[in-house]
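Asks: The structure that follows is given in the form of structure tokens.
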Amino acid sequence: MPSDDAIAWIDRCLPSSVSPEWGGHLASCKPSPELLLKWLIRSRPHQLAALDALVPLSRNRDDFSSVLSELRSALDALDSEPPRVEILIDRIRHNLRLNDPSDAPILISDEVLSLARCVFCFDLTLVETWRLQLLDTYDPSSTATGQWHSLVQFGGTCGAFAVCDWREPIESVVTKLASIRYSDDIPRIAQSFRSYDGTIDSLCTDLAISLRSADLHLASLDSGADSYWLSINRRDEILRLEECMGVALPKVVPITIV
């Protein structure tokens, strides 16, 4: 059957619940990038079939070089539910980055990955979530220092540590500290400082003293800009993090245990 006729047949017969095989059939018909873009804005079955077809087809840069911007916009606009959709989108974006010289892949060194594992106390789900988020920035010039700043920002959103602004009120800093996830004692101790009357430096000193009753320590690192981060963890974990930072980021200001 000619390709156009086969594509028309798939279009007519596409079921409401689309298995990956339908995308494989569509890919074998060698549809144009323009047709796939049209399918991405049609019904959910058409979107799924187009995504499944794009996974193998997107490995060929030459076929998509003229529509990369439109394709990325279409992918960004898709609802990422169910999880299968998000997985397919990630694979397509990965292929396009690898095959387009203007979007060279970000190389995350083993040292930075080891640092990420220390930051998240070997929670590999968080490490992988951060890695995929970093890859999705399409920044081929990302350096180890840039990746560290990305790690800090992501760590602040998921409770690995508190990322604070020097101009931030103490109550806001305490709220962030209370959300750090590595011990059930942390929210209880931090919340007792919510109405603290003093400076950030004195807060850190007094909080560190209270944390020691739970065998926890407060560590800080000044980013050299308008922000700093605070971490609460066991002393051995903080020292391991400092060691990993020394390997991955020798020029970064060392951690201070309060």
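All residue numbers for the sequence shown refer to this note's numbering, where the first residue is 179 and numbers rise by one. Backbone N, C-alpha and C define an ideal beta-carbon position, used for all residues, glycine too. Note that the structure is a prediction, hence the values are computed from the model and not measured.
Could you tell me the boundaries of the beta strand (DSSP E) in which Asp343 lies?
Replies: 340-343
Asks: Compare the Cα-Cα distances from Val290 to each of Thr434, Gly424, Ile433, Val436 and report the closest residue.
Replies: Gly424
Asks: Bridge partners for Arg398 per DSSP, in chain order?
Replies: Rather than Arg, the amino acid found at residue 398 in this sequence is Ser. Under DSSP, Ser398 forms a beta bridge with Leu408, Thr434.
Asks: Report the residue from Glu248, Tyr406, Glu420 whose alpha carbon sits nearest the alpha carbon of Leu274.
Replies: When only C-alpha atoms are compared, the closest one is Glu248.
Asks: Taking its Cβ as the centre, do 16 or more other Cβ atoms sit within 10 Å of Ser319, making it buried, or is it exposed?
Replies: Its pLDDT being 46, under 50, Ser319 is placed unreliably in this model, and the value from its coordinates should be taken loosely. Counting Cβ neighbours within 10 Å, Ser319 comes out exposed, since fewer than 16 surround it.
Asks: Count Cβ pairs between the region 341-355 and the region 364-378 that sit closer than 8 angstroms; are there 3 or more?
Replies: yes
Asks: If we count Cβ pairs, one from each stretch, closer than 8 angstroms, do we get three or more for the region 211-219 versus the region 240-254?
Replies: yes
Asks: Would the beta-carbon of Phe339 fall within 9 angstroms of that of Trp308?
Replies: no
Asks: Verify whether the separation of the beta carbon atoms of Ala322 and Val305 is less than 9 angstroms.
Replies: no
Asks: Could you give the DSSP three-state label for Glu289: helix, strand or coil?
Replies: helix
Asks: Tell me whether Pro279 is buried or exposed, calling it buried when 16 or more other Cβ atoms sit within 10 Å of its Cβ.
Replies: Because the pLDDT at Pro279 is just 48, under 50, the model does not fix this residue reliably, and the point stays unresolved.
Asks: Could you tell me which of Arg418, Ile364, Val436, Thr335 sits nearest to Asp384, measuring between CA atoms?
Replies: Val436
Asks: Could you tell me the alpha carbon to alpha carbon distance between Arg413 and His395, rounded to whole angstroms?
Replies: 6 angstroms
Asks: Taking only the alpha-carbon atoms, compute the straight-line gap between Lys208 and Glu199 and give it to the nearest angstrom.
Replies: Taking the CA atoms as reference points, Lys208 sits about 15 angstroms from Glu199.
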